[in-house]
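So the structure is just underneath, and the comments pick up after that.
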Amino acid sequence: MPATMAWATFIALPLLSWKLPFWVALIVILYDFSWFLRIIYLYLHLRVSFNKMRAYLKVNWLAKLKESGVGFQDIYHLVILPMYREPHKIVHETLTKIMEANYPRDKIMIVLATEGRAGEEAARTALDVQGEFGGHFLRFAITEHPFGLPGEIPGKGSNESWAAREAKEKIIDPLGLPYEKVIVSVFDVDTQIAPEYFGRLTYVFLNCKNPQRSSFQPVPLFVNNVYQAPAFSKIISFFPTFWQMMQQSRFEQLCTFSSQAMPFKALVEANYWDTDLVSEDALIFWRFYFRYDGDWRAEPLYYPVSMDANAAPTLLRTAVNLYKQQRRWAWGSEGISYVFTRYIGNKKIKLKEKIFWMYILLEGYYSWATAPFIILIAGWLPIYLGGQVFNATILSFNLPKITSYIMTLAMFSLATSAFLSTTLLPTKPGWFKWYHTFIYILEWALVPVILLVFSAFPAVEAQTRLALGGRFRLGFWVTPKSRSESEAALISAKTTSKSV
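According to the numbering used here, the stretch in the sequence shown is residues 64 to 563, in order.
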């Protein structure tokens, strides 16, 4: 469906611009104006979430838990860190932030989920890290996900399922912990938490409407190494952050993404993650949703975790890695068939809710693939393809001016977003001068081209491959991560949360 809709648009727009240029011109104007209104609307939600996040970062959530008297002492946290071939520095930084969190470490269990196919060096890294941090938590375990298990594809979902089962058998059951008292946080291995993450998560878990039927979603910030990332990678890394912040204040549409948390009891009852699909971070939400016949929601935390932006040793390699990462995220359109097919025959979920989520999914992936093309290119098609009759009209003369004017107004929100993003940056390195901030804001003028190349193109490719199937299907691609000495010093100097 997503590929058909996207390619139908790409074929219809030039064809209709040739045959019916007047109507295409009107459609493009209305489309651009609708996006202008939508950008304003979304920006308001962005500001609401940003203000909440900034306020919540100032709260001592552990002290708030102690004051509330809600019995947080019975809650345990299981942290699963899927690891492939990331260097020691990255894993060390992640665990350092967990160890430094303002929360009792005897309530925290760590599972470093390694891959058997990663090789001996990755295994040595895991053992070294266990030697450093193993004695600081209630439990610290290393799991090794075997390669080539029947019915699996190598990836995070299959690794996380293996790690969670191992944790159940070797940690939680031997300790006799009630499943409903265990919260599972699943992080990429480069994810660094703010000091009050566990306190905030526990507070929301204990005070939300139905904690055993909820996922818990923090705000992802891709800023750990942002000063080493080139302009296109730096800018594109803020769009998932902004989108998640917008969705936090529209929680009726919120699904899980990247780092997230969930009740262990529900994870066991849902039989863990799908092991034969790529998009494990979003599909686990839908797995819970259908396991409980629609009785599932994502609770916003309005609290950040930080991860790496794409920054390879060379500019070309960074561009390639960024494209592949965006393509893997766009492969999440497989969730459309996952959801639609499970809606069929399920009479316990209301039709109104089915229509709502079907629209949200289809419109989201359709816009991801097509909106940059329509906004940047479609307005010129009637002029070049409409012929002399159309080009002699007033509409033809004013079409570029009208669309340009609408997009200029929309750029105002973009400019404010650019300024807002500067407040999310971590501590500045020594070489960073005042004029670098000015240059950084100017880089946001590249957004239209960046969205076309590193968002729309990979989305179209992913949706097309998904439609073709067979040898065109994508597996799980692990984004390479690295860290230089200067980056490590920068990150250890001050956390992102303090900067915000």
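Even glycine gets a Cβ: it sits at the ideal position worked out from N, Cα and C.
Around residue 485, the same chain offers 500, 503 and 504 as residues with beta carbons nearer than 8 Å, after the five sequence neighbours per side are excluded. The criterion of a C-beta distance shorter than 7 Å is satisfied by residue 469 and residue 99. Non-local C-beta neighbours of residue 298 in its own chain, meaning closer than 7 Å and more than five positions away in sequence, comprise 506, 507, 509, 510 and 513, ordered along the chain. Looking from the CA of residue 121, the closest CA among 479, 290, 304 and 258 belongs to 258.
Taking the CA atoms as reference points, residue 522 sits about 5 Å from residue 393. Straight through space, the alpha carbons of residue 316 and residue 387 are spaced by roughly 26 Å. Nearest C-alpha to residue 278 among 328, 148, 92 and 524: 328.
For residue 128, the number of other beta carbons within 10 angstroms of its own is at least 16, and it is reported as buried. Here residue 257 carries a coil assignment [DSSP, helix/strand/coil].
With a cutoff of 7 Å on beta-carbon distance, residue 345 and residue 398 are scored as near each other.
Burial state of residue 173 is buried, judged by a 10 Å Cβ sphere holding 16 or more other Cβ atoms. Close CB contacts of residue 274 within its chain, under the 7 Å cut and outside five residues either way in sequence, are with 268 and 326 (chain order). The criterion of a C-beta distance shorter than 7 Å is not satisfied by residue 95 and residue 220. Taking the Cα of residue 213 as reference, the smallest distance to any Cα among 339, 356 and 365 is reached at 339. Separation of residue 359 and residue 215 (C-alpha to C-alpha, rounded to the nearest whole angstrom) is 26 Å. Taking 7 Å as the cut-off, the Cβ atoms of residue 162 and residue 199 count as close. Measuring C-alpha to C-alpha distances from residue 350 to each of 406, 451 and 410 identifies 406 as the nearest. For residue 389, the uninterrupted alpha helix (DSSP H) segment begins and ends at 378-393. By the criterion of a C-beta distance shorter than 7 Å, residue 540 is surrounded in its chain by 387 and 391, once the five residues flanking it on both sides are discounted.
Of the candidates 421, 536, 524 and 382, the residue whose Cα lies closest to the Cα of residue 69 is 524.
Boundaries of the beta strand (DSSP E) harbouring residue 324: 323-326, taken from the DSSP string. Classified as buried, residue 372 has 16 or more neighbouring CB atoms from the shown chains inside 10 Å of its CB. CA-to-CA, the gap between residue 243 and residue 189 works out to about 29 Å. Annotation for residue 136: no alpha helix (DSSP H) segment contains it, and DSSP assigns it neither H nor E. In the three-state DSSP reduction, residue 242 falls in the helix class (H, G or I). The alpha-carbon separation between residue 134 and residue 169 amounts to approximately 16 Å. Note: residue 284 is bridge-paired with 369 in the DSSP secondary-structure output. Contact annotation, residue 319 with residue 347: C-beta distance approximately 6 Å; criterion of less than 8 Å satisfied. A residue is called buried when at least 16 other Cβ atoms come within 10 angstroms of its Cβ; residue 288 meets this threshold and is buried.
Less than 7 Å separates the beta-carbon of residue 160 from that of residue 256. Judged by pairs of C-beta atoms under 8 Å, the segment 363-378 does not touch the segment 434-451, as fewer than three such pairs exist.
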